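In our numbering, the protein residues as written are 1486 to 1999.
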């Protein structure tokens, strides 16, 4: 549909023409089901990109917004040629543009003349035209979504009204998922209380907002109780995860901006509080690397920690500094192992500890093994392997710690068995993904594919699907992950041509086929 006649026949069926629109380029490339919504299909709307399709008549790619304009033009001409008494009634007023945005919906511009109108019917949105009269038919009335939740329910709305209760919900997520691995907050601090006092200092407000910002990046992967009338599924639908991740990412930006307003006041002197602020920034950069240079943040934390360790501190500050030392070592070596960088911060002096009741020491010990393995000779590498704890087959560890353990196994022993456990851990409930996770998923995926001849077809397709799923989820937050996904798919095709497995072309898992 590349042109529109200036005098369309009265019986033209625009709906039928719209239904014949071809799938857009993005949905074809991603092998996703495409719809005929205008001005963009649902997938492109959620991705925030232009929806392009190939017009065979013009032999070029065109945006669907162009088709929407043509449809509007045809409807306006039809309205002039066939006036109706209902035309004078105008269109009903849409909801206020400042109202909260519903997930997986299309927002109409609130103007006197609407450019694009959509109505919900038959489990989908239908385009009604710019000057259509939106008649509330019985069918539409029964199909209209009535949000079953209150305005302040954050699983339904994209808005977030900051209240002490909601701040504490995020603080609770931080304390349960991040604090056990990186115990840098003072648990007796008053800003961590369910009802913080109104006279918090700039340093306390900085810490509170940073904890909430970090928790927002973790929240989409946590298992929270959901309302039974939610119109999306919390598991298995990428659209749900995308919408939820986008929602909390926007909220995280708000908290981060509020924290930045108090950064200078929180880092005036080389103190424990300043070191804590720098480490909070570094942890936040694990989830949002564009928010700061994590390498510089870790380097600054290193210099501060070494200076503070030479000073005379009280018992409480000494204990906190010990955990901060472990946190710096873990952060630096997490970057070093993944991105092949040097790590210079000294190892902690205490013995290796693999007690699951002490997750921070367990995590630091894993990175100490990684550090020794990277810099050691053959004999040292073999000695490190003997110190490595067993795989967590029963899921007894915290999800973040379990992932780090399996990644350490993959680094020290890059076989398909350790790759298996990495790809299983990254899709387990409450797993924590940082911007380094896609690198480990890709590494595990390549090891798996290169050993496809030793793996049962059913297991291979499951784990390969896990890798593609995590890389696709990651690409919404860290776009470079999309190239890793494409590279993994290319490697799969290459290895299939090399080995010619008997199951070739017969294995399917949801929309993945090999």
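For each residue, glycine too, the CB sits at the ideal point set by N, CA and C. Predicted model, so just to flag it, every value in this text is computed and none were measured.
Annotation: residue 1778 to residue 1767 spans about 8 Å, alpha carbon to alpha carbon. The C-alpha of residue 1755 lies about 40 Å from the C-alpha of residue 1871. Judged by pairs of C-beta atoms under 8 Å, the region 1876-1892 touches the region 1847-1861, as three or more such pairs exist. For residue 1937, there is no enclosing beta strand (DSSP E), as DSSP marks it with neither H nor E.
DSSP places residue 1809 inside the alpha helix (DSSP H), whose first and last residues are 1800-1824.
Bridge pairing for residue 1547: 1538 [DSSP].
Around residue 1948, the same chain offers 1905, 1908, 1933 as residues with beta carbons nearer than 7 Å, after the five sequence neighbours per side are excluded. Segment contact: the region 1916-1928 against the region 1950-1964, three or more CB-CB distances shorter than 8 Å; contact assigned. In this structure, residue 1553 sits near residue 1524, with a CB-CB distance shorter than 8 Å. Annotation: residue 1815 to residue 1704 spans about 22 Å, alpha carbon to alpha carbon. Of all alpha-carbon atoms in 1769, 1813, 1799, the one lying nearest the alpha-carbon of residue 1787 is that of 1813.
Within a 10 Å sphere around the beta-carbon of residue 1511 sit 16 or more other beta-carbons, which makes this residue buried. Secondary structure at residue 1517: coil, using DSSP grouped into helix, strand and coil.
A check of alpha carbon separations from residue 1683 across 1843, 1649, 1707, 1880 identifies 1649 as the nearest. Sixteen is the threshold: since fewer than 16 other Cβ atoms of the shown chains lie within 10 Å of the Cβ of residue 1835, the residue is exposed. Residue range 1884-1897 is occupied by the alpha helix (DSSP H) that includes residue 1885. A Cβ-Cβ separation of about 17 Å leaves residue 1894 out of contact with residue 1883 under the 8 Å criterion.
For residue 1955, the three-state secondary structure derived from DSSP is helix.
Per DSSP, reduced to three states, the secondary structure at residue 1872 is helical.
Secondary structure of residue 1685 (DSSP, three-state): coil.
Counting only the Cα atoms, residue 1770 lies some 14 Å from residue 1697.
With a threshold of 16 other beta carbon atoms within 10 Å, residue 1694 meets it and is buried. Pairing residue 1515 with residue 1536 gives a Cβ-Cβ distance that is not under 8 Å.
Of the other Cβ atoms in all chains shown, fewer than 16 fall within 10 Å of the Cβ of residue 1964; this residue is therefore exposed. Counting only the Cα atoms, residue 1668 lies some 13 Å from residue 1757. Residue 1817 and residue 1831 have their C-alpha atoms spaced approximately 11 Å apart.
Across the structure, residue 1975 and residue 1761 are spaced so that their CA atoms are roughly 43 Å apart. With at least 16 other beta carbons inside 10 angstroms of its own, residue 1529 counts as buried.
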